[in-house]
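Here the protein sequences line up with chains A and B, keeping their order. All the letters of the first sequence, read from the start, carry residue numbers 1 to 43 under this note's numbering. All the letters of the second sequence, read from the start, carry residue numbers 1001 to 1390 under this note's numbering. Heads up, the beta-carbon is just placed ideally off N, CA and C, and yes, glycines get one too. Report on one structure; see the data block that follows.
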Amino acid sequence: MHQVFYTLQDFMTHTESVTYLLVIATLVGMTLFWLFLTGKDED
Amino acid sequence: MSQVTTGEQRSIFSLFNFIAFIVLGLGIYLTYLRFTGGLAAVTNLSDYNPWGLWISFDLLCGVALAAGGYVTSASVYLFGMKKYHSAVRPAILTAFLGYALVFLAINYDVGRPWRLPYPLLVQQGTTSVLFEVGLCVATYLTILFIEFSPAAMEWLGLKKARNLVVKLTILLTIFGVVLSTMHQSSLGSLFLIAPSKLHPLWYSSYIPIYFFVTSIIAGLSMVILESTLSHRFFAYKMDETHLKEANDITFGFGKAASYVLAGYFAVKVMGISSGNNWHYLKTEYGTWYLVELLGFVALPSFLYAMGVRIKSLGLIRWTSVLAVLGVILNRFNVCLVAFNWQLPPDERYFPRWTEIGISIFIVMIGLVLYRFIVTRMPILYEHPDYKDAH
Chain A
1 MHQVFYTLQD FMTHTESVTY LLVIATLVGM TLFWLFLTGK DED
Chain B
1001 MSQVTTGEQR SIFSLFNFIA FIVLGLGIYL TYLRFTGGLA AVTNLSDYNP WGLWISFDLL
1061 CGVALAAGGY VTSASVYLFG MKKYHSAVRP AILTAFLGYA LVFLAINYDV GRPWRLPYPL
1121 LVQQGTTSVL FEVGLCVATY LTILFIEFSP AAMEWLGLKK ARNLVVKLTI LLTIFGVVLS
1181 TMHQSSLGSL FLIAPSKLHP LWYSSYIPIY FFVTSIIAGL SMVILESTLS HRFFAYKMDE
1241 THLKEANDIT FGFGKAASYV LAGYFAVKVM GISSGNNWHY LKTEYGTWYL VELLGFVALP
1301 SFLYAMGVRI KSLGLIRWTS VLAVLGVILN RFNVCLVAFN WQLPPDERYF PRWTEIGISI
1361 FIVMIGLVLY RFIVTRMPIL YEHPDYKDAH
């Protein structure tokens, strides 16, 4: 849904909050993906 | 001991030569039209659409797909991954030819090509991103020429000069990485000036990062693709070292490409979030954006990873085609499809067949030069006089 923002602060608070959550998900996701990628390496 | 075979003498009446002859002939005719009739004679470019196919394909795609040079030489000479050494010369050659052809294409694209040296020699626009791109590309083309020159010198028997240039390898590699980082990202920065023209899904303040990261993906994928094609068509030129290292290169670069693609996917999603552009995903442009993001970023990332896990060379090689197409699609989307998206349909740009013809002509020049060099110079094998000299 397209949310309406009346101030720049509202907009930044919303987008930055979502982006920070995505950053955390990315950190976890990239770690798991690395384990998947290297899971069958023979060392 | 590796042994280089010279290959049998091949007839000049091959299918490749026949196609090359026709394409080059047509290209020369189109070149005549371009330089006698001007841009309007062969292009659909206009004031609304001054950047068309030649910029999006020949320049943006050409520079991105030539990134294999700095990616491979940095891996080998800066990060010490010596097991990929045999990939360096083919990658440097591809990069050198790629940048040389970018320069050639620019001569077709700008209205008055004889004024190309002006920004460097007459009137420097030091605050312009385009000035930085031009300066970097010109410098990096020179660097690539020097990096490539030892192969030519070995072929010509210029031992002293060759040994001198080889001593500069690390310095040249560092220059190459610095210059590439600058201009690969700056090609994206060019679009920062047009937030109202580029669709919000493709426009982002992160666009320089997108362009830089995709250049790494393009470089890694192009090395895999090029290695595959070299094995198919020039296997008789390869020595044992190249044949032996080829699988390691495919797996190693496939793994790297998979991880970089995953990171790129994450940054792209963050880009949507930071602009709060989620609602655009439900539009037609949004569907096309998802095709690019899921079909040409997420899918190749997963397929590369699967190829590495199940040790499937075939899967990684086919995925490299998908990844390269993805980078080309991205550049087309940014420069053509999503650019001027608010203009009425009759004002939108679509390339004329002559533009496409000249682009194919330029690619064909690259293929002919690549084949000429690879079949003569020590690119896919080590010269007998310089074995283990790296």
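Length of the line joining the Cα atoms of residue i and residue j
i: Q1342/B; j: S1086/B; result: 48 Å
i: T1006/B; j: K1237/B; result: Model confidence at T1006/B stands at a pLDDT of 49, short of 50, so the residue's coordinates are unreliable; what they give is reported in the following sentence. Near 6 Å, if we compare the C-alpha coordinates of K1237/B and T1006/B.
i: R1115/B; j: M1377/B; result: 35 Å
i: I1193/B; j: P1208/B; result: 12 Å
i: V1213/B; j: L1030/B; result: 35 Å
i: G1255/B; j: L37/A; result: A small correction: the amino acid at residue 1255/B is Lys; Gly does not occupy that position in the sequence shown. Each residue's alpha carbon lies about 7 Å from the other.
i: E1292/B; j: S1149/B; result: 38 Å
i: L1121/B; j: F1175/B; result: 22 Å
i: T13/A; j: T26/A; result: 20 Å
i: V1368/B; j: G1080/B; result: 33 Å
i: G1314/B; j: L1039/B; result: 43 Å
i: F1018/B; j: I1012/B; result: 9 Å
i: L1172/B; j: L1144/B; result: 8 Å
i: T1126/B; j: K1159/B; result: 40 Å
i: T1139/B; j: M1182/B; result: 12 Å
i: V1165/B; j: K1082/B; result: 19 Å
i: V1004/B; j: G1069/B; result: Low per-residue confidence applies at V1004/B: pLDDT is 47, beneath 50, and the placement is therefore not dependable, though the value from the model is reported in the following sentence. Their Cα atoms are separated by approximately 24 Å.
i: F1021/B; j: A1218/B; result: 29 Å
i: P1195/B; j: Q9/A; result: 21 Å
i: P1344/B; j: K1167/B; result: 57 Å
i: T7/A; j: V28/A; result: 32 Å
i: L22/A; j: D41/A; result: 29 Å
i: F1372/B; j: Q1124/B; result: 38 Å
i: F1016/B; j: R1232/B; result: 14 Å
Whether residue i touches residue j by CB criterion (9 Å)
i: A1074/B; j: M1222/B; result: no
i: Y1304/B; j: A1266/B; result: no
i: E1147/B; j: I1092/B; result: yes
i: T1203/B; j: K1268/B; result: In the sequence as displayed, the identity of residue 1203/B is Tyr instead of Thr. Taking 9 Å as the Cβ cut-off, Y1203/B and K1268/B do not qualify as a contacting pair.
i: P1090/B; j: S1230/B; result: yes
i: Y1289/B; j: L1097/B; result: no
i: S1274/B; j: E16/A; result: yes
i: V1071/B; j: I1216/B; result: yes
i: V1137/B; j: V1063/B; result: yes
i: G1052/B; j: L1045/B; result: yes
i: R1112/B; j: L1225/B; result: no
i: M1270/B; j: T19/A; result: yes
i: F33/A; j: Y1259/B; result: yes
i: G1263/B; j: G1295/B; result: no
i: E1347/B; j: Y1099/B; result: no
i: G1366/B; j: L1101/B; result: yes
i: A1298/B; j: L1329/B; result: no
i: P1119/B; j: L1135/B; result: yes
Residues near residue i by beta carbon distance below 7 Å, same chain, minus five either side
i: T1169/B; result: Y1077
i: L1060/B; result: L1187, R1331, C1335
i: L1380/B; result: P1090, S1230, F1234, K1237, M1238, H1242, V1374
i: A1161/B; result: M1153
i: A1151/B; result: R1089, M1377, P1378, I1379
Residue i burial status per 10 Å Cβ neighbour count (16 or more: buried)
i: D1385/B; result: exposed
i: S1180/B; result: buried
i: N1333/B; result: buried
i: F1350/B; result: exposed
i: P1300/B; result: buried
i: F5/A; result: exposed
i: S1014/B; result: exposed
i: E1382/B; result: buried
i: Q1184/B; result: buried
i: I1310/B; result: exposed
i: G1157/B; result: exposed
i: G39/A; result: exposed
i: S1227/B; result: buried
i: I1055/B; result: buried
i: L35/A; result: exposed
i: T1094/B; result: buried
i: L1220/B; result: buried
Cut-off 8 Å between Cβ atoms - residues of its own chain near residue i, not counting five sequence neighbours on either side
i: L1190/B; result: V1129, L1130, V1133
i: L1201/B; result: I1272, N1277, Y1280, L1281, Y1285, G1286, Y1289, A1338
i: V1042/B; result: L1030, L1033, R1034, R1352, T1354, E1355, I1358
i: Y1084/B; result: T1072, S1075, V1076, E1245, D1248, I1249, G1252, F1253
i: L1198/B; result: F1191, V1334, A1338, F1339, W1341
i: S1312/B; result: M1306
is_contact[residue i, chain D] using C-beta, thresh 9 Å
i: N1107/B; result: Considering every chain present, this structure includes no chain D. Its protein chains are A and B.
Cβ neighbours of residue i in the same chain (closer than 6 Å, five flanking residues each side left out)
i: F1057/B; result: S1359
i: K1387/B; result: none
> Does the stretch 1237–1254 of chain B come close enough to the stretch 1333–1353 of chain B that 3 or more CB-CB pairs lie under 8 Å?
Replying inline: no
>> If contact is defined by three or more beta carbon pairs under 8 Å, each pair taking one atom from either stretch, is the stretch 1293–1313 of chain B in contact with the stretch 1019–1034 of chain B?
In response: no
>> Taking 8 Å as the cut-off, does the stretch 1281–1289 of chain B touch the stretch 1309–1323 of chain B (at least 3 CB pairs, one atom from each stretch)?
In response: no
> Within the chosen definition, does the stretch 1091–1107 of chain B reach the stretch 1358–1373 of chain B through at least 3 CB pairs nearer than 8 Å?
Replying inline: yes
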